[in-house]
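Contents: one structure, followed by commentary.
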Amino acid sequence: MAKKMTIALFSGSVDKLTAAGVILGGAAAEDMDVDIFVLLQAAFAFKKENALANDRVAEITDKKDEFLASLERLQAPHWTEAFRNAKEMTNVRIHICGFAGKVWHGEKLDDFIDLADDIVGIGEYIDAAENADINLFI
Amino acid sequence: MTTEELTNIQVDKTVDARGTSCPGPLLAAKKAIGEIEPGQVMEILSSDEGTKRDIPKWCTKKGYEYLGTVEESGYFRIYMKK
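Residue numbers (my numbering), protein chains in the order written: chain D, 1050 to 1187; chain G, 400 to 481.
Next comes the structure, spelled out in structure tokens:
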């Protein structure tokens, strides 16, 4: 039976989303089942008009340009691509928190990039996290 | 296996993931594993230091056989059997 991972994805910044993408890659290599719950700031990043912007870095912000240049030099995929790769390789479901969506005026699934599978309430996250082998807050 | 044995082994599939960073080589190996049969040998070329440890761990978890690693100039050849 596949191991289960849940991620409470709060951050909407490129640095943390990139880290989440790397972790997702590791989970995909091991065929884990992953449920990602997109909370507050992450829901902003998942909106169609915001997903590809690289203007949000949460940490070491004075080195943002160096960080972004390094991602390019290292041929690191954009976080949306890393998430998409993981979805193609293993069972990854991405749930938008209904409250978070409303905060950013996203009421419908169509307001978000096509990586998102559905819009859910927080009870879904609690249920999934209770049954997960690994639970992360990013 | 010794370095000599590894360099002489018959390789059924080569995955060249040089230039990509973690988890690129691991994911390239994962994608390619479906293209070989049980008992066949795959080598992964990686310039990412972390791959040297990721592939053996992945093999253990997935039931594949890690055969060994040969260090080349600027990259590694990592051998495994499905």
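The C-beta atom is built at its ideal place from N, Cα and C for all residues, glycine as well.
Here Thr450(G) is buried. Its C-beta has 16 or more other C-beta atoms within 10 Å. Nearest to Ala431(G) by C-alpha distance, out of Lys480(G), Lys412(G), Ser446(G), is Lys412(G). Beta-bridge analysis with DSSP links Thr1055(D) to Asp1084(D), Asn1184(D).
Going by beta carbons, Leu444(G) and Met400(G) fall outside the 7 Å limit. Classified as buried, Lys1065(D) has 16 or more neighbouring CB atoms from the shown chains inside 10 Å of its CB. Within chain D, the residues Gln1124 have their CB atoms less than 7 Å from the CB of Gly418(G), given in chain order. For the pair Ala1092(D) and Ala1149(D), the CB atoms are nearer than the 7 Å cut-off. In this chain, the beta strand (DSSP E) harbouring Val440(G) covers 440-445. In this structure, Lys1151(D) is the residue among Lys1151(D), Ala1118(D), Phe1186(D), Asn1184(D) with its C-alpha nearest to the C-alpha of Val1169(D). At a cut-off of 7 Å between beta carbons, Ala1078(D) contacts chain G.
The three-state secondary structure of Leu1164(D), taken from DSSP, is coil.
Only Gln1124, Ala1125, Asn1134, Met1138 from the segment 1124-1149 of chain D bring a Cβ to less than 7 Å from some Cβ of chain G.
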